[in-house]
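Peer 1: One structure, as structure tokens, below. Some questions next.
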Amino acid sequence: EDQVTQSPEALRLQEGESSSLNCSYTVSGLRGLFWYRQDPGKGPEFLFTLYSAGEEKEKERLKATLTKKESFLHITAPKPEDSATYLCAVQAEASKIIFGSGTRLSIRP
Amino acid sequence: GAVVSQHPSWVICKSGTSVKIECRSLDFQATTMFWYRQFPKQSLMLMATSNEGSKATYEQGVEKDKFLINHASLTLSTLTVTSAHPEDSSFYICSARVGSGSDTQYFGPGTRLTVL
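Residue numbers (the numbering used here), protein chains in the order written: chain F, 11 to 119; chain X, 511 to 626.
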């Protein structure tokens, strides 16, 4: 059965303190792995799509990496406005995408 | 680009009434749209997949007669919650896929439904 597990469930960092969020997955035939950011009461905002192991993508303070078993979302020198829930989702061949439960990230000024 | 809108952003209704939620892709054509439901502090749960011009595909456990989905054009899908009950209160989010060659889904801002 396809599964997506995100850790930690919640993470509190000081402004400027870099860290990484983990997304572990088991899926038969990965078609794509997606990262989204979700603010309270809003829909998810697309960040990245990764397709194959070894692929990396960056956007401002965020960098996503992918291996055959997991993906990391690295956040460098975060700011309070980076506080949000970060969702990981995977899609197997010819199937729906499956979301992880998310990591609630809080950045203290 | 890839902007998805939803209307209304929130709605309060009485038990037993029906509520329609619209999902529009503003700057692209979406052959496939998706409807999700999200409870507080939980992740998104797929309710149904909507393909333009054909019947929606519902996930297991989702009542198709209660959650009516219509995808009449390449830019509009609607979700109607029929005979709403308090347990239907939730955050409903739609998403749309750009064309047929991309798997990335772009999400709307969501609709908060409260059934009294």
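Built from N, CA and C at the ideal position, the CB exists for glycine as well. As the structure is a prediction and not an experimental result, all values here were calculated from the model.
1. Rank 111(F), 14(F), 11(F) and 117(F) by C-alpha distance to the C-alpha of residue 85(F) and give the top, closest one.
2. When the Cβ atoms of the stretch 64 to 83 of chain F are set against those of the stretch 513 to 522 of chain X, are three or more pairs found closer than 8 Å?
3. Do we get a CB-CB distance below 9 Å when we pair residue 596(X) with the residues of chain F?
4. Exposed or buried, what is residue 36(F) when buried is set at 16 or more other beta-carbons lying within 10 Å of its beta-carbon?
5. Name the two residues that bound the continuous beta strand (DSSP E) containing residue 67(F).
6. Just to make sure I have the definition right: I need the residues of chain F whose C-beta is within less than 8 Å of the C-beta of residue 617(X). Which are they?
7. Go to residue 55(F), then tell me how far its beta strand (DSSP E) extends in each direction, as first and last residue.
8. List, in order along the chain, the chain X residues whose C-beta lies closer than 7 Å to that of residue 41(F)?
9. Given this structure, state the Cα-to-Cα distance separating residue 32(F) from residue 79(F), to the nearest angstrom.
10. Can you tell me which of the three DSSP states residue 91(F) falls into?
11. Under 7 Å, CB to CB, which of the residues in the stretch 11 to 33 of chain F have a partner in chain X?
12. Please classify residue 80(F): does DSSP put it in a helix, a strand, or coil?
13. If you measure from the beta carbon of residue 85(F) to each beta carbon in chain X, is any gap under 9 Å?
14. Can you name the start and end residues of the beta strand (DSSP E) that residue 529(X) belongs to?
15. Does the separation of the CB atoms of residue 624(X) and residue 532(X) fall below 9 Å?
16. If contact is defined by three or more beta carbon pairs under 8 Å, each pair taking one atom from either stretch, is the stretch 11 to 29 of chain F in contact with the stretch 576 to 584 of chain X?
Peer 2: So, from the listed chains and residues:
1. 117(F)
2. no
3. no
4. exposed
5. 66 to 69
6. 46, 53, 54, 55 and 56
7. 55 to 60
8. 613
9. 11 Å
10. helix
11. none
12. strand
13. no
14. 529 to 535
15. no
16. no
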